[in-house]
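Accompanying notes for the structure given below.
Residue numbers (this note's numbering), protein chains in the order written: chain A, 22 to 402; chain B, 22 to 402; chain C, 22 to 402; chain D, 22 to 402.
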C-alpha cells in the first residue's frame, strides 16, 4: 500500500485543486524531495491566466498543457535518493540534505549543451512545473506538492546551513539575474548607476544582485508605492513612481539623477513590452539595457534602430532564463549578506498547499512581493 | 604671398565646387597634411542629399552646416609640423611621413573622455569634414582638398611602408568594425558563423574584419549581384540576393546555412532600418546582432521585445563610430594580410578633386564600392 | 610678500623635517589644494628606509631622489584654480570644492597613453610625492604639506559630500585594487572564495573591494592578530595566522576552507616575495592569483612553471599601480556602503605635519593600519 | 570467432610492439572508430622516455601505467555505433561518418564539470592513450591501433568533408591553443605582436591560431633552422635562432622587433622550464604570457615577483590542456583557411603501425614536425 501525497494541481486556467498521488520510489539517479517551500513565479501567474506560449522563437517553443503541478522555485529536504546522486560540488547526497533543485533539465547532448551555452538554451529543455506536467507517472514534477520527483540528471544544489528557507527559495530567480554580470563583461567598471525598471519579485532580485555586486546609484521605477518602499530598504536611492510620471518624465528624472548622462545600466524587469523603448532612452550613450522581463509575448513595440541603438551605442542583452552555474554562487552571495540586506522580507506571504488558489490570486495583488506555497502548515509566518 | 590650394566645397546639398584657400602654417601641435586620398563615406552621401542630422540622442547631436569640405577617411603625407607632434606610438612626426589622421577630435576632458569610453562618445566631439566646416579659418578641415589642416590633439597614425594608399584609406572604416570584437567579448569562441547584412563599403570592411579575425562560415546579403560577387572573393561562402528573397526567405536561408540554428552573429551594415528586425530573427538563440549601419534616422520599426530579444537571449550592440585605439591595429591587420585578401580592390574608383560632384554621384550608383578623391591626377587608377 | 606654507620634507632616508615654501599661484590648468589628509603608503615607508628603486623593468624605472615631499594618497579642498579646470565628470572646479587628485600625471602622448592602457603604464609617468620632488619650483608636489600644487593635466575627482575625509583618503589605494575586476574578466562568476594574503592597508583595501563586489568566502592571512581581527570585522570568515602556520599548513587550511579545492582567487598583498609561490599553491586549479604587493625588488623566488602554472591552469595578474578610471567608482562604492562596513576605522592614526617623523615610524609598527598626516591639528582623532 | 585488430602497445619505456586484440562490439553509447591517423604528441614522447607523472598539482595527478596503447590526437571513420550516439551538434552518428573524438572523458558530475570549467579540469578525468591503458577490456583505448573504442560520454566531432585527414589530425592540439583567446579576454585588441617561443608541433599550432585569428607581427624562436623556416612559411616575420642568441639577446631582439616595447603576447611552447622567465622579460609592460608548454615537471626556475610580474603588470595564463568547446571551431577555422596556409605540411611523416617504434624515435629528431601513425599502409605519403 503506497503512501499518498498532496499536490496543488492546476486543472485548467484559473482552477487549482488538491489532488493525491502515490509517493514514488526514486529510480537510479533520481531524488525524492520533501518540499519546504515553492515560489509563485511570474510565469505561473501567466499560466494561471491561460497565457501558455513559452520560449517563443527558440527550438523549445511550446504550449503549456494542463493539468499541471506548477512550482520551479523550490527548496526542500531529500527524502530518498536513487543510489549515487551527487550535488553540484560532486558530493554524495543523502536523505535529510537540504537542497535547491535546478528548475530545468537539459539534454546534455544538443549543440547548445555541448558548446558551453547556458543550459536553458538546450534544444530539448524540460522544465519542472511547466513542460513536465502531471499526466505522466510519477506525476510529481512541480514544487506545489508535499513531495517532488527530481529526474536523473537534474542539478541539485546544497543549501548552506545558515541560509533560511525563505531566502533559499529565491535562489532560482536570483539565478535569472545573470544579465547583470553579462552587462559587466561589456563595461569594465563597478559602482555604476543602475535603473531597475519594475521592482516586483524579479526586479527585486536584480536589485539585490546589483547592490551586492557593488553597483552605485540605484534607481527603482514601479507603479506601486509599497514596492518602491521595499526597493528603498534594499538600497535604491531614487524612487520613481510610474503612475505619476509618464515615459518622458521618467527619462528626464533618470538623467537628472545621473549627472545628466543617463544610467550606465537599465535592468528592464517590468514584464510588459512598453518599458523596453523607455529603457533604451534612459540609458546613457554606450550603456547597457538588460531585457529580463519580457518572458511572455505581449505584442510589438515601435523603436528606432538609429537613435535608440546605433548612434547611441546602446547594448541590449536579452535574458530568457537562469544559468545552472549561478545557483551555487547565488546562494553563497545571499548567505554572506544576510546581515546586510533584509533578504527574509522578500517573501511576503506563505500559504499552505490547500490555499494554492488563494495564493495565486494574492500573488497578483499589489500587496504581495514573493508568495510561496508550503506543504507544512505549522511553518506559516 | 601665400600659396593657394584647391578644395572641393559642398556649398549646399547636391552642389560641390572647387574653391581656393590659402595654405596655412601649422600652429604649435598642428600638422599640414598633403592629401593622397580621401574616401567618400555613407555619411557624406547623406550630407550630399541634405540629410544632415547626426548623432541623434547623444550629447553631440547636431545639424551639419554648409559650406563644408567633406572627407574624414584620409591618408596623406605630412607637409609641415607645428613643433613637437607625436604619432600614436609616441614618435616625433616629420615632413614626408605618411599618416592616417583620426576622423574626430575629442576634448579629453568630459566624463566620456576621462572614463575610458571610446573617443567618439566625447560630449564635445568635433569631426573633420562634418562639424568642422570651412567657414572658419584655416578652413581646410576635410580631406577633399589638396591639403588638410589637422588641429592640435588630433591622433595621427603612421602608415606602414608596405601598405598602399588605396588600402590605407580604408583604415577609418575598418576602425568602425570594432563591434565584431565587442561581440566576441560576449561569446568565447571563434570560427563562428557570421551574416553580413549589406556588403557596401562598410559591410565589406566588416567582412574583411570577420575573415581576418578567424570567423567561420560567412554569409553575405545584398541587393546587388556585383557586391555579392565581391563578397565571395573576400571569403563569403553563402550569397543571398535581397532582391530575390523576402525577409522570411532570407531568415530561412540563413538557418539552412547554419545547421538550422541561425547565425552566431549578424553584422547589420545595410544603412536602412528595415534590416534590423530580420537581423534579430536570423541570429541563433543566444547570438549577437551588431547594429553598425543605422547612422542616419530613417524612421522607426516594429519589433517584439519578447520573441526577438528576451526569450531568444539575443544581444544587440549598437556601434555609432570608430575607436581611436583600433586605427593602428587595423592598419597592422591589413598590411599582414595583403597576400591573403584582394584588399586593393575595395577602392573601385579614384577621381580627381575637380570631379568631386561626379564622384558623389558615382558613389551612389550600383557599380561603385569605395570611391575616393585624389588631389593628384597622375595617380588615377 | 608671499605666504609661506609648511611641508614635511624627507631630506634623506630616515629624516623628515618641516620646511617652509612660498604658496604659489596656479598656472593655467593647475590647482592649489589645501590639504585635509595625506596617507602614508607602503612605498613611502620604503623611501623612508632608502629603498628607492621603483618601477623596475618598465620604461619609467627610476631611482627616487631626495629631498622629497611625499604623499600621493590625498584629499583636500581647492584653494585656487588656474582658469578652466574640470573634474573627472567634466564640471568646472572652484575654490572650496573637495577633491581627491590622481597620484600620477601621464603624458597623454606615448604609445601606452594612446592605446587605452592604464595610465600608470605611461612611458613618461610622473608621480606626486615620488618622481616629482621638491627641488624644483613650485616645490609642493606631495601631500605631506599644508598645500599641494597640482600640475595641469592632473585628473581631479570630486568627493561626494557624504564621504568623510578619513574614507576619501583611501581612494587611491582602492584604485590599486583593480586586479580584482581584472581577475573577474577571466572567470565569469561572483561569490567566489578569495584569499587576501597580507591584510595591511593595501590588503584591507582589497578585502573591502572583494566584500563590496560580492565575493563569497573571504580568507585573511597575516602575521598580526590585530590585523586579522580587523579583517574579521570587514567580513573575513577564515583567519589564518602566518606566525603559527608554515606555508604548507596555510595551503592546507585554505583547501580545507574551500571544499578541498583551493581558493578561486588569491590576492597577494603581502609586500614580500615569499608569499608568491604559496599563493600559486593555495589557489584552485584554474584559479587566479593577483600579485599586487611586490612593488619593491626584494629578490627572486624559486617556482615551478609546470606544477604551479601550466598543469594547474593558474592565471597570474601583476598589478603595478592604480587606474585613473577607478578613482571615481571607488569613491562611489565607498559612499554607498558606509553603513555596511566600518570604513572609517581603516585610518587608525592621524598626526599633524610636525610629527611626520613619528608618523613614519608608527606606520611601520604593528598597531598601525593606515596612518595619515594632517596639516590642521584641530582635527585629530 | 571474433576479428582481431592490431595495436602498437608501449609495453615499457622505450619499447613498442604490435599486439592483437579482439574487435569489440560497442556498448550502448559507445562507438568503434576505424582509425585513419593518430598523432604523436609531446606527452607520448615523455611516456616513451619513462617520464610518466602527469597533471602535477591537480586532483587527477597520476602516474601513467604500462602497457599502454597511446594516441589521443585522432581522426577516423565510425565502424559501429552503440545505438543513439550524437555528434557535438546533436546529430545522430552512423557508420562511415568521419570524426575526431575528444582526447578526454570527463565525469560530468564533479564541481569542475558542474561549474562550467574546461572539461580537462574534471576531478575524475580519464584520457585516451594515457590514464586509459589497455590492461582492461575492451583494451582499445588509444589511437595507435586499427580500431579504437570510444566510451559512452566521449564527445565526438564530425569532420567537415573538405578537411583532409592530415589536417583534421591536428584538431586536438589546435584545441590546446585556447590560451590565445583567453589572453585576448584581458586585452581588447587584435593585430598584436606575438612571440611563439618554440615552434615544434604545439608551437606551430599556436602560430596557426595567432595567424588565423588576426595577430600582427609574429616572432618565432627555436633551436632548429628547419622549424624556423616552417614558421616563416606560416607567417612569422621575425625568426630568432635560440642556438645563436642567449636569453638576453633574444629579449633585446624581441624589443627591437616591437618598437622597443616588447611583445604584446608571448606563447611559451618550448616544453622546457628555462624559457618561462625570458618569456616574462620579452613581453611588454602590461602584456600576457601564455604558458602552454610545461606539461611535464622538469624542475624549478628562479624568478622575480616584483620586476617580472607586479611592477611590469604582466599577466600569465597557464594552459594545461584542451577545451571541449574548441574542437569544432578549430576544425571550422582550419577548413576555412586551407587556401591561406600550407596546413597539410604540418604532418611531416606518416608511418604504419608496425613502425611505431621508429615513429617515436623519429618524432624526437630534428627533421620531424608532427609525426602520425596510420593503420593503412596504402595511404603513406
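Even for Gly, the Cβ is constructed at its ideal location relative to N, Cα and C.
Quick caveat, the model's predicted, so the values are computed rather than measured.
Beta carbon of residue i nearer than 8 Å to that of residue j
i, j, result
"residue 143 (chain A)", "residue 224 (chain A)", "no"
"residue 389 (chain D)", "residue 381 (chain D)", "no"
"residue 343 (chain A)", "residue 193 (chain A)", "yes"
"residue 103 (chain C)", "residue 51 (chain C)", "yes"
"residue 66 (chain C)", "residue 378 (chain C)", "no"
"residue 245 (chain B)", "residue 387 (chain B)", "yes"
"residue 164 (chain A)", "residue 92 (chain A)", "yes"
"residue 281 (chain B)", "residue 308 (chain B)", "no"
"residue 180 (chain D)", "residue 352 (chain D)", "yes"
"residue 189 (chain A)", "residue 215 (chain A)", "no"
"residue 294 (chain D)", "residue 319 (chain D)", "yes"
"residue 324 (chain D)", "residue 304 (chain D)", "no"
"residue 53 (chain C)", "residue 100 (chain C)", "yes"
"residue 316 (chain A)", "residue 63 (chain A)", "yes"
"residue 326 (chain C)", "residue 322 (chain D)", "yes"
Residue-level contact to chain B via CB, residue i, 8 Å cutoff
i, result
"residue 40 (chain A)", "no"
"residue 318 (chain A)", "yes"
"residue 113 (chain C)", "no"
"residue 130 (chain C)", "yes"
"residue 207 (chain C)", "no"
Unbroken alpha helix (DSSP H) run spanning residue i, endpoints
i, result
"residue 133 (chain C)", "132–135"
"residue 67 (chain C)", "63–69"
"residue 42 (chain D)", "First-last for residue 42 (chain D): 36–43, but that is the beta strand (DSSP E), not the alpha helix (DSSP H)."
"residue 300 (chain B)", "297–303"
"residue 378 (chain B)", "377–384"
Any chain C beta carbon closer than 8 Å to residue i
i, result
"residue 336 (chain B)", "no"
"residue 110 (chain B)", "yes"
Nearest-angstrom beta carbon gap, residue j and residue i [assumed within contact, 8 Å]
i, j, result
"residue 227 (chain B)", "residue 288 (chain B)", "5 Å"
"residue 90 (chain A)", "residue 30 (chain A)", "6 Å"
"residue 211 (chain D)", "residue 354 (chain B)", "6 Å"
"residue 334 (chain B)", "residue 330 (chain A)", "Not quite, the Cβ-Cβ distance comes to about 17 Å (not below 8 Å), so this is no contact."
"residue 132 (chain A)", "residue 109 (chain D)", "7 Å"
"residue 286 (chain C)", "residue 230 (chain C)", "No, residue 286 (chain C) and residue 230 (chain C) are not in contact; Cβ-Cβ is about 11 Å, not under 8 Å."
C-beta neighbour in chain D for residue i, strict 8 Å
i, result
"residue 268 (chain C)", "no"
"residue 401 (chain A)", "Because the pLDDT of residue 401 (chain A) is 40, which lies under 50, any placement of that residue in the model is unreliable, and the number read from its coordinates should be weighed accordingly. Not closer than 8 Å to any Cβ of chain D, the Cβ of residue 401 (chain A) fails to qualify, so no."
"residue 230 (chain C)", "no"
beta-carbon residue i near the ligand FAD non-hydrogen atom, thresh 7 Å
i, result
"residue 262 (chain D)", "Summarising the ligand content, the structure contains no ligands, and the ligand FAD is consequently not present."
Residue-level contact to chain A via CB, residue i, 8 Å cutoff
i, result
"residue 350 (chain C)", "yes"
"residue 76 (chain B)", "yes"
"residue 137 (chain D)", "yes"
"residue 223 (chain D)", "no"
query = Mind pulling the beta strand (DSSP E) runs of 3 or more residues that sit fully within the stretch 173–226 of chain C?
reply = Taking only runs of at least 3 residues, the beta strand (DSSP E) segments lying wholly in the stretch 173–226 of chain C are 177–179, 215–218.
request  = Kindly provide the ranges of any alpha helix (DSSP H) runs that are 4 or more residues long and lie completely inside the stretch 52–126 of chain A, ordered along the chain.
outcome  = 63–69
Every unbroken alpha helix (DSSP H) within the stretch 235–277 of chain A, with a cutoff of 4 residues, ordered by chain = With a minimum length of 4 residues, the unbroken runs of alpha helix (DSSP H) contained wholly in the stretch 235–277 of chain A fall at 246–254.
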